[in-house]
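Residue numbers (our numbering), protein chains in the order written: chain A, 4 to 260; chain B, 22 to 108.
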């Protein structure tokens with residue numbers, strides 16, 4: 004790598020990581036008083052107030068890292084989703100969850116595996132926000148909590164691949180989100196995230212300046228899917244929609260020239 | 022259907038339903054670790070086996086002993102034999 008290019012990459016990454024770590028440290032400390040004040044002023048449920056501040060954190064992060072990562076979204080209905088939905092997103096990078104701050108609505112509960120709870124600075128906030136612990140809770144417990152959240156107007160967000168793609172291609176899906184959709188009747192909204200793979204794929208630690216786009220595809224109603232394996236048919240339809248959109252996305256979907 | 026044909030059909034159905042590579046379908050492959058299935062996938066696997074081989078197995082306690090793909094092969098072959106014996 005030429006010296007100039009190396010210096011540029013080093014400076015970019017110093018800027019990006021310094022901002023991300025500083026902002027996260029500040030946000031984790033400031034969260035609690037702001038969260039309590041929000042709860043008192045709005046009378047929102049505790050978890051909803053927490054989810055609002057998580058969304059604010061993500062939005063502010065997107066603004067801070069704008070020189071390195073240009074974010075855009077498309078396809079979302081101008082007046083929001085018609086009803087509480089299950090959002091499913093492809094997964095390419097550690098920072099994918101950060102880009103969910105770019106959603107045009109805040110009341111979103113994430114489905115989270117066990118390992119994110121090991122980040123002690125996020126753990127109490129995730130618990131307060133009522134996230135779905137899909138790896139440690141039983142499906143029945145998750146379903147009951149999902150019903151409660153959907154009933155109160157929240158959306159649920161899943162990364163159905165379960166982990167980041169290792170080769171940049173869409174991986175196989177796990178069925179939990181789709182089983183919930185069939186059992187609760189909530190529509191599934193496929194979301195396609197492009198650009199985060201080139202930005203920071205698994206196995207690399209330096210970020211590359213990138214354009215990231217979050218695209219909402221038309222919602223899929225689970226009611227036409229019937230039978231014991233209805234959720235798998237629904238899952239196949241959603242995966243097909245995301246895969247087709249990814250195939251139509253220009254390959255270097257990302258880099259800032 | 023011979024045992025070999027049963028094994029081939031089990032592998033084909035699992036690979037198709039769970040989007041697994043054919044080369045991953047080794048008898049020693051563990052369902053959770055090597056094939057990456059989760060507990061909900063196992064529930065679906067039982068439904069797939071029932072519909073493919075016309076079995077009624079979802080309440081069978083022996084299912085809890087299954088760890089590997091080879092265990093699935095042996096289980097299906099045994100169940101088919103029991104079904105044939107009672108027919």
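Glycine is no exception: its CB is placed at the ideal position from the N, C-alpha and C atoms.
Given residue i as reference, the closest of the options once Cα atoms are compared
i, options, result
"residue 203 of chain A", "A:215, A:194, A:195", "A:215"
"residue 234 of chain A", "A:186, A:35, A:95", "A:186"
"residue 131 of chain A", "A:147, A:206, A:39, A:244", "A:39"
"residue 213 of chain A", "A:138, A:61, A:12, A:91", "A:12"
"residue 78 of chain B", "B:49, B:37, B:93", "B:93"
"residue 123 of chain A", "A:27, A:158, A:46, A:85", "A:27"
"residue 236 of chain A", "B:26, B:37, B:22", "B:37"
"residue 19 of chain A", "A:128, A:32, A:65, A:222", "A:65"
"residue 239 of chain A", "A:208, A:191, A:210, A:206", "A:191"
"residue 62 of chain B", "A:220, A:229, A:165, A:243", "A:165"
"residue 85 of chain A", "A:43, A:118, A:223, A:117", "A:223"
"residue 50 of chain A", "A:5, A:29, A:133, A:9", "A:133"
"residue 243 of chain A", "A:231, A:230, A:220, A:229", "A:220"
"residue 64 of chain B", "B:33, B:84, B:41", "B:84"
"residue 101 of chain A", "A:90, A:188, A:59, A:81", "A:59"
"residue 230 of chain A", "B:57, B:32, B:69", "B:69"
"residue 24 of chain A", "A:251, A:141, A:98", "A:98"
C-beta contact flag for residue i and residue j at 8 angstroms
i, j, result
"residue 115 of chain A", "residue 103 of chain A", "no"
"residue 149 of chain A", "residue 106 of chain A", "no"
"residue 193 of chain A", "residue 241 of chain A", "yes"
"residue 120 of chain A", "residue 59 of chain B", "no"
"residue 108 of chain A", "residue 83 of chain A", "yes"
"residue 50 of chain B", "residue 89 of chain B", "yes"
"residue 156 of chain A", "residue 87 of chain A", "yes"
"residue 144 of chain A", "residue 163 of chain A", "no"
"residue 152 of chain A", "residue 159 of chain A", "yes"
"residue 15 of chain A", "residue 71 of chain A", "yes"
"residue 41 of chain B", "residue 52 of chain B", "no"
"residue 89 of chain A", "residue 189 of chain A", "yes"
Residues near residue i by beta carbon distance below 6 angstroms, same chain, minus five either side
i, result
"residue 218 of chain A", "77, 78, 195"
"residue 175 of chain A", "none"
"residue 75 of chain A", "216"
"residue 55 of chain A", "109"
"residue 225 of chain A", "184, 185, 237"
"residue 256 of chain A", "Its pLDDT being 48, under 50, residue 256 of chain A is placed unreliably by the model, and the measurement read from it follows with that caveat. Cβ within range, chain order: 197, 198."
"residue 117 of chain A", "138, 139"
"residue 43 of chain B", "36"
"residue 57 of chain A", "132"
"residue 104 of chain B", "none"
Beta-bridge pairing of residue i - partner residues as DSSP gives them
i, result
"residue 114 of chain A", "A:135"
"residue 219 of chain A", "A:194"
"residue 94 of chain A", "BP columns for residue 94 of chain A are empty, so no partner."
"residue 158 of chain A", "A:111"
"residue 139 of chain B", "What the structure shows of chain B is the stretch from 22 to 108, and residue 139 of chain B is not part of that stretch, so it cannot be assessed."
"residue 15 of chain A", "Answer is none; residue 15 of chain A lacks a bridge partner."
"residue 77 of chain A", "A:218"
"residue 16 of chain B", "The shown model of chain B, from 22 to 108, leaves out residue 16 of chain B, and the question about it has no answer."
"residue 64 of chain B", "According to DSSP, which records beta bridges pairwise, residue 64 of chain B is partnered with nothing at all."
"residue 89 of chain A", "A:159, A:191"
"residue 72 of chain A", "A:213"
Own chain residues within Cβ distance below 7 angstroms of residue i, not counting five before or after
i, result
"residue 74 of chain B", "97, 101"
"residue 22 of chain A", "67, 68"
"residue 52 of chain A", "38, 41, 42, 45"
"residue 67 of chain B", "78, 79, 84"
"residue 91 of chain B", "48, 49"
Chain A within 8 angstroms of residue i, Cβ atoms only
i, result
"residue 81 of chain B", "no"
"residue 74 of chain B", "no"
"residue 53 of chain B", "no"
"residue 49 of chain B", "no"
"residue 56 of chain B", "no"
"residue 24 of chain B", "no"
"residue 61 of chain B", "yes"
"residue 68 of chain B", "yes"
"residue 40 of chain B", "yes"
"residue 33 of chain B", "no"
"residue 65 of chain B", "yes"
Cutoff 8 angstroms: residue i Cβ touching any chain B Cβ
i, result
"residue 162 of chain A", "no"
"residue 235 of chain A", "yes"
"residue 142 of chain A", "yes"
"residue 232 of chain A", "yes"
"residue 177 of chain A", "yes"
"residue 257 of chain A", "Note that residue 257 of chain A scores a pLDDT of 49, beneath 50, so its modelled location is shaky; the value from the coordinates is reported in the next line. It does not: the Cβ of residue 257 of chain A has no partner Cβ on chain B nearer than 8 angstroms."
"residue 97 of chain A", "no"
"residue 182 of chain A", "yes"
Same chain, Cβ closer than 8 angstroms to residue i, neighbours up to 5 away in sequence not counted
i, result
"residue 171 of chain A", "95, 200, 204"
"residue 249 of chain A", "93, 173, 195, 197"
"residue 48 of chain A", "155"
"residue 31 of chain A", "124, 125, 128"
"residue 71 of chain B", "77, 78, 79"
"residue 23 of chain B", "none"
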